[in-house]
Amino acid sequence: MEFSHTNSLHSLTKKELEILQYVHNHSQEVSQMSIQAFAKEIHYSTSTVLRFCRKLGFSGFPEFKYSLKTNKNIENTTTSNIQSFSKIKSSIFMDLDGTTGLLNTDNILQIANILSDNPPIYLHKPGGLTDVPVNYLESMLFLSGCRYVQKSSSKRLTQHLIHTAESNSVFIFISNSGAYSSTVDVAKEAKLHGMIVISISSIENNDLAEVSDYNLRLFSRQRENVGADAASRLSTFFVLSSLIEFFALYKKGVENDENLSK
Amino acid sequence: MMKTFLNNISYENLTDTESVILDYFKENVKKVIYSSLSEICDELYVSNASIIRFCQKIGFRGYNDFKFKLKTDLSRSTFSSDFWTIIPQNTEILKDFADSLNENQMNQICDYILTNKSIYIYGQNMSSFPAKYLYSMLLTMDIRCILINWHEFLISLSSTMPENSILILFTNYGDKKSYSSVIEQCRKRNIKIIWISSKEIDFSLVQEDDIYICANEVTISTNALMTKMTSLLFVQIIIEMLMQKR
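Chains as they are written, first to last, in the working numbering: chain A, 1 to 262; chain B, 263 to 508.
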């Protein structure tokens, strides 16, 4: 699906984001459905669907479906090697563009504002592929001047840290789906103990986003290879690198201001 | 404190509460532009209505109208304008990089990975992230490989790698001193080297048979931070191609 109206993604409600993720995962099926069938499938009313289409800049469901179909046709004709290469690229950028549209600069600025006070920062490593982005974030935070960054690689250690950390410490959780139960559990616990909870998770309605004070969303498709998680983490890296870049700029801006006021 | 239109407002016609609000806005310009009305009320212990009245008094329709003006005012100063353009700009950089990739070369890399039994992936410091990401992904796809993120380790392994292995090297700029001995060893054993560097590397390091990809990494303006996003994108494209070919 094309996100030519990425700016309007900001204004989507939780419900609508859910619909978007559904379409993202099932574009082929959706392009064959009637609005009634589609609404039934996702358990929302037809008017919600209609509002959703309008927000994305379409006149209604038929036009929305048409745009899905034309995109699909492009995909279908790509059987040869040359085209499959560009198909791969366009599918990667579909996720990145979607994520770009979801990144709310206000949210990132608020997080940058919190980080610039140099609070103790705790990162939770859930194990598996997500550990790579967590380690990445740790290095980037240190490199951009954060002094107190701690990383825990077990649920029990994170729980221990939550109980012993001073209140208003920052806990950052990353989960591609936002539904990984051990991460959600510790995030809830951190929230209960008065910590500032920041999370990075999928645009789908997810528990992790619910319990967080600040949440950055991304587009992802779940993918497995016989039980092993193989979902792309590129969007996660993209969100993290954007956050760090904002943070660097923010600090520069604050320093400039201080110099000016002197 | 940043200079905005707030600095031109005179206190003469303002009530005490309104003066407090004005002072607060002036001192916290950057915080205000991303705070909601209720957040400011909590902070200042004043009612919604007082703030809205204040905004109307200084010539706006309401708080959001005021905030919008403040935002546009701020974006004229150079630093804030960067904020709003940074993400789309980064996406463009990534697209340019993806378009610059040579498809035949990418296919060749995939074929090497799929047909070779001994795959070594190397990267240290920031380069360890794309290396680790590729390694973890290959493992979940049942492609066995070995991750090296320690230079001494690379040096010692380079003399024991089986003949015709592939070595995928993620590096920032390919320091000649640290790589020349490794490469010498690899050449003796006919090991295929795939370079992915952030910056152009010394060409005397790259041999004709090698595959060389320069990721043209952009540094974050404020310091020497590199996000490695282009290298990570390269990894992702390779992974997607492998998924299809399998």
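Just so it is clear, CB atoms sit at the ideal spot from N, CA and C, and this is done for glycine as well.
Expressed to the nearest angstrom, what Euclidean distance is found between the alpha-carbon atoms of residue i and residue j?
i	j	result
residue 341(B)	residue 249(A)	Legend: pLDDT at residue 341(B) = 49, less than 50; position of this residue unreliable, no value from coordinates given.
residue 234(A)	residue 186(A)	24 Å
residue 504(B)	residue 322(B)	57 Å
residue 85(A)	residue 163(A)	50 Å
residue 306(B)	residue 109(A)	21 Å
residue 38(A)	residue 94(A)	22 Å
residue 238(A)	residue 388(B)	15 Å
residue 488(B)	residue 396(B)	18 Å
residue 63(A)	residue 46(A)	15 Å
residue 288(B)	residue 309(B)	19 Å
residue 400(B)	residue 140(A)	24 Å
residue 56(A)	residue 9(A)	7 Å
residue 501(B)	residue 365(B)	14 Å
residue 179(A)	residue 331(B)	39 Å
residue 75(A)	residue 222(A)	Reliability fails at residue 75(A), whose pLDDT of 47 lies under 50, so the model's placement of it is uncertain and no value is given.
residue 104(A)	residue 255(A)	24 Å
residue 496(B)	residue 508(B)	18 Å
residue 379(B)	residue 128(A)	24 Å
residue 52(A)	residue 334(B)	29 Å
residue 146(A)	residue 240(A)	15 Å
residue 78(A)	residue 96(A)	Because the pLDDT of residue 78(A) is 41, which lies under 50, any placement of that residue in the model is unreliable, and the number read from its coordinates should be weighed accordingly. Roughly 21 Å separates the two Cα atoms.
residue 32(A)	residue 431(B)	46 Å
residue 417(B)	residue 453(B)	14 Å
residue 119(A)	residue 506(B)	45 Å
residue 359(B)	residue 367(B)	14 Å
residue 446(B)	residue 377(B)	24 Å
residue 227(A)	residue 398(B)	14 Å
residue 326(B)	residue 300(B)	12 Å
residue 278(B)	residue 161(A)	45 Å
residue 81(A)	residue 232(A)	Bear in mind that a pLDDT of 49 at residue 81(A), under 50, signals an unreliable position, so the model cannot answer this.
Pop quiz: residue i and residue j are said to be a contact at Cβ under 8 Å. What is the actual Cβ separation, rounded to whole angstroms?
i	j	result
residue 283(B)	residue 312(B)	7 Å
residue 134(A)	residue 155(A)	Incorrect: roughly 14 Å between the Cβ atoms, too far for contact.
residue 371(B)	residue 456(B)	6 Å
residue 392(B)	residue 494(B)	5 Å
residue 114(A)	residue 196(A)	6 Å
residue 476(B)	residue 462(B)	6 Å
residue 144(A)	residue 176(A)	Not quite, the Cβ-Cβ distance comes to about 24 Å (not below 8 Å), so this is no contact.
residue 27(A)	residue 68(A)	5 Å
residue 125(A)	residue 153(A)	4 Å
residue 405(B)	residue 375(B)	6 Å
residue 183(A)	residue 173(A)	5 Å
residue 491(B)	residue 356(B)	6 Å
residue 439(B)	residue 467(B)	Going by Cβ atoms, the distance from residue 439(B) to residue 467(B) rounds to 11 Å, so no, they are not a contact pair.
residue 230(A)	residue 402(B)	5 Å
residue 242(A)	residue 352(B)	7 Å
At a Cβ threshold of 9 Å, is residue i touching chain C?
i	result
residue 253(A)	Chain labels in this structure do not include chain C; the protein chains are A and B.
Could you tell me which chain B residues have their CB closer than 8 Å to the CB of residue i, listed as they occur along the chain?
i	result
residue 233(A)	395
residue 142(A)	Under the 8 Å cutoff, chain B gives no residues; its nearest Cβ is about 11 Å from residue 142(A).
residue 110(A)	296
residue 96(A)	353, 356
Would you mind telling me which residues of chain A sit closer than 7 Å to residue i, beta carbon to beta carbon, in chain order?
i	result
residue 352(B)	242
residue 498(B)	92, 232, 234
residue 357(B)	93
residue 398(B)	129, 132
residue 494(B)	234, 237
residue 423(B)	The contacting residues do not exist; residue 423(B) stays about 24 Å from chain A at best.
Run down chain A in chain order and give the residues with a C-beta less than 9 Å from the C-beta of residue i.
i	result
residue 432(B)	Per Cβ cutoff of 9 Å: no residues; residue 432(B) is ~13 Å from chain A at best.
residue 404(B)	225, 226, 228
Using the beta-carbon of each residue, which ones in chain B are nearer than 7 Å to residue i?
i	result
residue 136(A)	391
residue 202(A)	Here the premise fails: no neighbours, minimum Cβ distance about 17 Å.
residue 89(A)	360, 499
residue 106(A)	296
Name the chain B residues whose beta carbon is nearer than 9 Å to that of residue i?
i	result
residue 103(A)	349
At a threshold of 8 Å, does residue i count as lining the ligand ADP (C-beta to nearest heavy atom)?
i	result
residue 247(A)	Among the ligands in the structure shown, none appear at all, so the ligand ADP cannot be discussed.
Please list, in chain order, the chain A residues whose beta carbon lies closer than 8 Å to that of residue i.
i	result
residue 506(B)	84, 88
residue 293(B)	113
residue 305(B)	Those within 8 Å of residue 305(B) in chain A number zero; the least Cβ separation is about 13 Å.
- Scan the segment 427-496 of chain B and note each continuous beta strand (DSSP E) run of 3 residues or more that stays entirely inside, going in chain order. Qualifying beta strand (DSSP E) stretches, in chain order: 428-433, 454-459, 473-476.
- Query: What residue ranges within the segment 11-53 of chain A form continuous beta strand (DSSP E) runs of no fewer than 3 residues, ordered along the chain?
  - Reply: Within the segment 11-53 of chain A, no beta strand (DSSP E) run of at least 3 residues lies entirely inside it.
- Output the residue ranges of the alpha helix (DSSP H) runs that lie fully inside the segment 182-245 of chain A and measure 4 residues or longer, sorted by chain position. List check, alpha helix (DSSP H) in window: 207-211.
- Task: Would you check if the segment 10-29 of chain A and the segment 203-215 of chain A touch, i.e. whether three or more CB-CB distances between them fall below 8 Å?
- Result: Yes, they touch.
- Query: Looking at C-beta atoms only, is the number of pairs between the segment 378-385 of chain B and the segment 407-426 of chain B that lie closer than 8 Å three or more?
  - Reply: Yes: the two stretches touch, three or more of their Cβ pairs being nearer than 8 Å.
- Taking only runs that begin and end inside the segment 97-144 of chain A, name each unbroken alpha helix (DSSP H) of 4 or more residues, in chain order. As far as the segment 97-144 of chain A is concerned, its whole alpha helix (DSSP H) runs of at least 4 residues are 105-115, 131-143.
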